[in-house]
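S.K.: I have a structure here, written as structure tokens, and I will follow up with some questions on it.
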Amino acid sequence: MTARIGVVTFPGSLDDRDALRAVQVAGGEPVALWHGDHDLKKVDAVVLPGGFSYGDYLRCGAIARFAAVMTEVIAAANRGLPVLGICNGFQVLCESHLLPGALIRNSGLHFTCVDQRLRVESTTTSWTAEYAAGSEIVIPVKNGEGQYVADDRTLDELEAEGRVVFRYIGANPNGSRRDIAGICNETRNVVGLMPHPEHAIDALTGPGTDGLGMFVSALKALVAQ
Amino acid sequence: MTYETVEHAQQHPELEQPYAELGLKDDEYERITSILGRRPTDTELAMYSVMWSEHCSYKSSKVHLRQFGSKAPATPSHGVGALLVGMGENAGVVDVGDGFAVTFKVESHNHPSYVEPYQGAATGVGGIVRDILTMGARPIAVMDSLRFGAVDNPDTKRLVGGVVAGVGGYGNCLGLPNIGGEVAFDPTYNGNPLVNALCVGVMPTDRIQLARAEGAGNQVVLFGAKTGRDGIGGVSVLASATFDETSSAKRPSVQVGDPFTEKILIECCLELFDRGLVTGIQDLGGAGLSCATSETASHGGSGMRIALDRVPLREPSMSPLEVITSESQERMLAIVQPDDVAEVLATCERWGVLATVIGEVTGDDDDRVGRLVITWHGDVVVDVPPASLADEGPVYERPIQQPREQVALQADSSARLSRPSSGHDLRETVLRLAASPNLCSRRWVTEQYDRYVLGATVLAMPHDAGAVRLDDRHARGIALALDGNGRFARLDPYAGAQLALAESYRNVSMAGARPVAVTNCLNFGSPEDPEVMWQFAEATRGLADGCLALGIPVTGGNVSFYNQTGATAINPTPVVGVLGVLEDVTRRIPSGFRSEGDVILVVGDPADELDGSEWAWTIHGHLGGTPPTPRLDAERRLSEFMQRAAEESLINSAHDVSDGGLAHALVEASVMHGIGAQVGIAGDPFVALFTETTARAVITCADADVDRVLTLLAEADLGVARLGRCGGAELGVDGLFSLPIHELRTAYDATLPTLFG
């Protein structure tokens, strides 16, 4: 018994194959979803992968939120479907107002690709139950527009409600407010983060296997239901 | 908008043609009129000028490049290393086993990158990626070899920032991992940076595509981006002439890249290939449609009729001359059987790619072989034999003369320079070299590149070679390296080309891979200068001889001439890429020290070879003498040893000894994971630490494996010295000095961010 996790391919998605692979390695059934279809193929969870959807020539994720598949993703997320947005996927979730705040140009003004230390701040989301609270993990971060910003009231709310899911440790790679690397929605089924857990599922091709826990978390919860 | 018909050209032979302004010589123009039996139309003249440019026709280099074929080593007829497609196509294709074929190639985009660094570099990546795609392959990784002027030259910061952002911006957005390359600084490149981009792709051996238009009646489909006025005449204006102070006026000749469109184009093309919907394919790069139509027709032995007015335009006011020479990016030309056209157009539409039938393949008429006939709203504006554009351009035996200064340059040995001898002075020299622009950490550059995308990267910077796995179901992978050394090539172009080859070959071997093929990018000054042509002739001869000695063929490459400002040419800079095969990527060998207590060995036989070295250049600003001797036979044995050691999983790390000598190899191996070393050296400590004798490597292994390693080294007839052990937080040399890793790292890491951050 396992669960089906869909990965959306927008035109310009780049890490979609990696996300499908991560689902498989974690023991799930990966399902490819197409941006132009009003069809989630009865999946149990959705990943919005990294990349440059539609070239991101406007604001990152600003066009992707209007894709046909996003109508279904937004509706399903509001019904409680677990949704994970990675990098460009996080940007799409913010543009879709499933998550608060926005991602702007890195403070250093360069695209940056590094193995990043993170602290898992919340383990009570659909995607982080496998981690120990407060544990440190290393997964790659790679983006040009990954600086998380929101007004202070929103940031205070996120902190107060325990909705900061990941925080950068050591050097903050992009100038994100309060070192925030990832957040979740109020119902904790929608998680967005800039770092790439799908690139840390095998020590052969990544800095380690610390990212696998996110996919395993979702699968275990889904199978247990 | 005006244009001229063939009929008009026939009726008005007396009208003067601006051929000289388009870069054609008197005798070249005469040859065109004799091929056509009349004077060319304005559109034809533009096509000949771009197709007969140095960049497209290889007219000065062809006679020398033939050696890569005539001296090519024997390759297996089948299995790993078999050459499935040789030179002459967009890129060569090599069998790497398990049903995989790999194609790779490096190309220059030097002049566009000087004029407009971001777009020049970006479209350099885009162009080489399309070359790889055109062979039927999925592009799987890129590399870049960058050379800039002196770090204190006022223009260097603009170029470094723009070029690195351009390489990253395009490759990152395309979703291709950047897995390695090189960055160098030297005043010889002031005003003429070198931007060489490499791409590698993989395909099933039965999916190879060729750039051929065959079968009369087959349709010609143009797909991808619309055609605009960008890049008109880029190959003749930018790539085939020397630069001067008016260069910024050439900015409109630089193309503008759109990686998003290219990403979609890649996925669309791969679907067309997989479904067998195209019979021939060519990308539109230098010379645009002029090149794609004439090359496919010529190579297919066919004619072609093109209705040029069907080409979708960004600007409707473009003339046929502009349409046929535009170098707008992200376009492809496919030859499609009539029955498949609807399916091709539907596939393109699904991917959101604009596709248009613009013509068809034709056969021979009664009285003449296939012609390339181009019409504009029904008027014939071009009617030429396609081979006269693509394959029968002028070929020159340019005069050759050894540079007058060559003898004096070689006589000026570094032996007269003062050498450090005390522990303190040696320590300072190690630190200064570690922080020097040419040897310091490349992280500031490489962190701007995505090395993780596609999830198959098993080695990337700062390891000696980049390596990727070919797919999830097989352990098979490839390793790649890209190297050059303009100073060595200046001192001796024959040896310099071999040294670049040897370094690239050695780097691939360090990963444990078996080298199988070579690509090259030959960056030189003006071919009209006999002294530059001598350098070119020597370098190509050296490279061909070197490939023969190492037993791996050249499968493709690129020549970039006119790299000079005014009368001063750059140091001749052959950049060489080597492809290796890793049977099992889990056995790849990384470069940095990994385990405390491992035994450190240095393989090879050092001699006093410091002419042209980083030490001579960085510490004394000296360039003279003769470069290290290429030791190709020893390189081959070192490579075979490394392959064997990888197979038996004997070695924990391997880092070649090259720029900066043993000292810098130890610095890099220590800094990578913060694991120090304590070593003892024999003989003259300065020579031991800084000589750049080739065919050497620093390797580490566990105590239990030392005997086996030494046995294999003895069997390979390779010299070896036991240096010491890994461990601790310092790099110490017995009796001479000790350097805390954190101090080394600070020196090593700070340079580029401080200069360019």
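Chains A and B are the protein sequences, given in the same order. Taking our numbering, I'd label the letters of the first sequence as residues 7 to 231. Taking our numbering, I'd label the letters of the second sequence as residues 206 to 962. The C-beta atom is built at its ideal place from N, Cα and C for all residues, glycine as well. None of these values were measured; they are calculated from a predicted model.
(1) Compare the Cα-Cα distances from residue 613 of chain B to each of B:918, B:593, B:830, B:582 and report the closest residue.
(2) Starting from residue 779 of chain B, trace the beta strand (DSSP E) in both directions and tell me its first and last residue.
(3) By the three-class DSSP mapping on this structure, what secondary structure does residue 509 of chain B have?
(4) Which term fits residue 202 of chain A, buried or exposed, when burial requires 16 or more other beta carbons within 10 angstroms of its beta carbon?
(5) Could you name the residues of the segment 670-692 of chain B whose beta carbon sits closer than 8 Å to any beta carbon of chain A, in the order they occur along the chain?
(6) Hey, how far is the Cα of residue 697 of chain B from the Cα of residue 235 of chain B?
(7) Using 8 Å as the threshold, is the segment 759-775 of chain B in touch with the segment 307-314 of chain B, meaning 3 or more CB pairs across them?
(8) So residue 699 of chain B and residue 743 of chain B are in contact, right, with Cβ under 8 Å, and what is the actual spacing, rounded?
(9) Taking residue 664 of chain B as the reference, give the member of B:466, B:727, B:684, B:877 with the closest Cα.
(10) Pull out every residue of the segment 140-164 of chain A whose Cβ sits closer than 7 Å to any Cβ of chain B, in chain order.
(11) Which same chain residues, not among the five before or five after residue 600 of chain B, have their C-beta less than 7 Å away from its C-beta?
(12) Could you give the DSSP three-state label for residue 353 of chain B: helix, strand or coil?
(13) Suppose you measure from the CA of residue 573 of chain B to the CA of residue 741 of chain B; what does that come to, to the nearest Å?
(14) Which residue wins for smallest C-alpha separation from residue 647 of chain B, given the options B:275, B:332, B:584, B:956?
(15) Counting only beta-carbon atoms, is residue 65 of chain A nearer than 9 Å to chain B?
(16) So is residue 229 of chain B in contact with chain A if we call contact Cβ pairs under 9 Å?
(17) Note the first and the last residue of the continuous alpha helix (DSSP H) segment covering residue 272 of chain B.
(18) Closest by CA to residue 437 of chain B, which one among B:631, B:386, B:466, B:494?
(19) The alpha helix (DSSP H) spanning residue 591 of chain B covers which residue range?
(20) Determine, using beta carbons only, whether residue 925 of chain B and residue 837 of chain B come nearer to each other than 9 Å.
(21) If you run the structure through DSSP and keep just helix, strand and coil, what is residue 679 of chain B?
(22) Over what stretch of residues does the alpha helix (DSSP H) that includes residue 40 of chain A continue unbroken?
(23) If you draw a straight line from the C-alpha of residue 425 of chain B to the C-alpha of residue 337 of chain B, how long is it?
(24) For a contact defined as C-beta to C-beta under 8 Å, what are the partners of residue 54 of chain A on chain B?
(25) Based on the DSSP output, what are the partners of residue 860 of chain B in its beta bridges?
(26) Residues in its own chain within less than 6 Å of residue 538 of chain B by CB, not counting five upstream and five downstream?
(27) Name, going along the chain, the residues of the segment 554-574 of chain B whose beta-carbon falls closer than 8 Å to a beta-carbon of chain A.
(28) Please confirm whether residue 538 of chain B has its beta-carbon closer than 9 Å to some beta-carbon of chain A.
(29) Apply the 10 Å Cβ neighbour rule to residue 27 of chain A and answer buried if 16 or more other Cβ atoms are within range, or exposed otherwise.
(30) Excluding the five sequence neighbours on either side, which residues of its own chain have a C-beta within less than 8 Å of the C-beta of residue 942 of chain B, listed in chain order?
(31) In this structure, does DSSP put residue 88 of chain A in helix, strand or coil?
(32) To which residues of the same chain is residue 658 of chain B closer than 8 Å at the C-beta, ignoring the five residues directly before and after it?
(33) Helix or strand or just coil, what does DSSP make of residue 469 of chain B?
(34) I want to verify the contact list: residues of chain A whose CB lies under 7 Å from the CB of residue 377 of chain B, in sequence order.
(35) Does the segment 243-250 of chain B come close enough to the segment 710-722 of chain B that 3 or more CB-CB pairs lie under 8 Å?
(36) Are three or more beta carbon pairs between the segment 100-107 of chain A and the segment 126-144 of chain A nearer than 8 Å?
M.R.: Judging by the given coordinates:
(1) B:830
(2) 778-787
(3) strand
(4) buried
(5) 674, 677
(6) 39 Å
(7) yes
(8) 4 Å
(9) B:684
(10) 146, 148
(11) 264, 267, 268
(12) strand
(13) 40 Å
(14) B:956
(15) no
(16) no
(17) 267-275
(18) B:494
(19) 591-595
(20) no
(21) coil
(22) Per DSSP, residue 40 of chain A belongs to no alpha helix (DSSP H); it is in the beta strand (DSSP E), 35-40.
(23) 21 Å
(24) Under the 8 Å cutoff, chain B gives no residues; its nearest Cβ is about 15 Å from residue 54 of chain A.
(25) B:903
(26) 427, 487, 497
(27) 556, 557
(28) no
(29) buried
(30) 628, 629, 631, 632, 635
(31) coil
(32) 377, 380, 381, 382
(33) helix
(34) 117
(35) no
(36) no
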